[in-house]
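These notes are about the structure you will find just below.
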Amino acid sequence: MKNINRHMDLGKLCLGLLKRRYEVRKEDIGSDAYKKAKGMVFTTASYTAEGIGHFCVVRMNGFLGLMKMETAVFTVTEKDVPLINLDWVSVCGRETMMIEMYDDQLTAYPENFLRVFEKLKERDADIPDGASGEHWYDTITYPCSYHKIARKQSGRFNAAAACYFEAFLQQTEKMPACEEGEKRSRAEAFAERLFSEGGPAVDQVKKLFGHDFAKRLVLHYMYGAGGCRN
-19 MKNINRHMDL GKLCLGLLKR RYEVRKEDIG SDAYKKAKGM VFTTASYTAE GIGHFCVVRM
41 NGFLGLMKME TAVFTVTEKD VPLINLDWVS VCGRETMMIE MYDDQLTAYP ENFLRVFEKL
101 KERDADIPDG ASGEHWYDTI TYPCSYHKIA RKQSGRFNAA AACYFEAFLQ QTEKMPACEE
161 GEKRSRAEAF AERLFSEGGP AVDQVKKLFG HDFAKRLVLH YMYGAGGCRN
């Protein structure tokens, strides 16, 4: 990937790659698109990717710009590919980049596809690995997922995100269609468990904006469970 900006814009980057292949339609989520509490600004954009699944971009900014977060989630319901979440967080200039793929497969994902991501991960072997503690989803997170922490590495993190997401889209195109209802059920089960058992970001959203919004965010806007609702 060439000409990767040093300024991080994860959502714009992934959305651009997605629009090259699919018709993407933004959903109207009303007042849930913009939230503000305790100095934190939280924005959500939810999309339908026609014929393939659901896409979402979440951004949070606070403490006069010293804390920034971006998340992009692509939930494919018509091909039997993993769930993929891309997260970037910057706190006082210390950046964390995570590209996590979760096994919600109906059948095993091809090993040669997973090796592509292992090679991409190896490109940044010189950047320290991150650690975020133990979570319920650790057992379904593919080892080829990416978790790095560094300062002033937005350019390389942009490049890693672009390469991972482009490779994922290429693999998705090669996979045969699957039974949409069963695949959607797997994604919904993941979203429901993420909401109920939580994680660092979900717990923060619950605290700032309440249980009801957090549930809409995780189930409907991020993972497309039951469509977008307000």
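Residue numbers (the working numbering): -19 to 210. Positions of the beta carbon are idealized from the N, C-alpha and C atoms, including for glycine. Fair warning: this is a prediction, and the values are worked out from it, not measured in the lab.
Residue range of the alpha helix (DSSP H) that includes residue i
{"i": "L44", "result": "Where L44 is concerned, there is no enclosing alpha helix (DSSP H), given that its DSSP letter is neither H nor E."}
{"i": "M61", "result": "For the sequence presented, residue 61 should be read as Val rather than Met. V61 -> no alpha helix (DSSP H), and no H or E assigned at all."}
{"i": "K99", "result": "E91 to E102"}
{"i": "E146", "result": "S134 to K154"}
{"i": "G(-4)", "result": "L(-10) to K(-1)"}
Cβ neighbours of residue i in the same chain (closer than 6 Å, five flanking residues each side left out)
{"i": "T51", "result": "V38 and D67"}
{"i": "F137", "result": "M77"}
{"i": "N65", "result": "V53 and E80"}
Residues bridged to residue i (per DSSP)
{"i": "H127", "result": "M78"}
{"i": "F35", "result": "Y27 and F54"}
{"i": "L66", "result": "A52 and I79"}
{"i": "F22", "result": "K15 and M40"}
Cut-off 8 Å between Cβ atoms - residues of its own chain near residue i, not counting five sequence neighbours on either side
{"i": "N(-17)", "result": "With a pLDDT of only 43 at N(-17), under the threshold of 50, the placement of this residue in the model should not be trusted, and no figure is reported."}
{"i": "A169", "result": "D84"}
Own chain partners of residue i with C-beta closer than 7 Å, once the 5 adjacent residues on each side are dropped
{"i": "S125", "result": "I79, E80 and M81"}
{"i": "D104", "result": "K128, R136 and A140"}
{"i": "Q133", "result": "E75 and I107"}
Residue span of the beta strand (DSSP E) that contains residue i, given as start and end
{"i": "A14", "result": "Before going on, a small fix: residue 14 reads as Tyr here, not Ala. Start and end: Y14 to A17."}
{"i": "K6", "result": "V4 to K6"}
Whole-number beta carbon distance between residue j and residue i, since they are thought to touch under 8 Å
{"i": "G211", "j": "T55", "result": "Absent from the model: residue 211. The displayed extent of the chain is -19 to 210, so no value can be given."}
{"i": "L(-2)", "j": "A25", "result": "12 Å between Cβ atoms; not a contact."}
{"i": "E58", "j": "A157", "result": "6 Å"}
{"i": "P62", "j": "Y89", "result": "6 Å"}
{"i": "F175", "j": "L199", "result": "6 Å"}
Inside the stretch 164 to 202 only - alpha helix (DSSP H) runs reaching at least 4 residues: Taking only runs of at least 4 residues, the alpha helix (DSSP H) segments lying wholly in the stretch 164 to 202 are 180 to 189 and 191 to 195.
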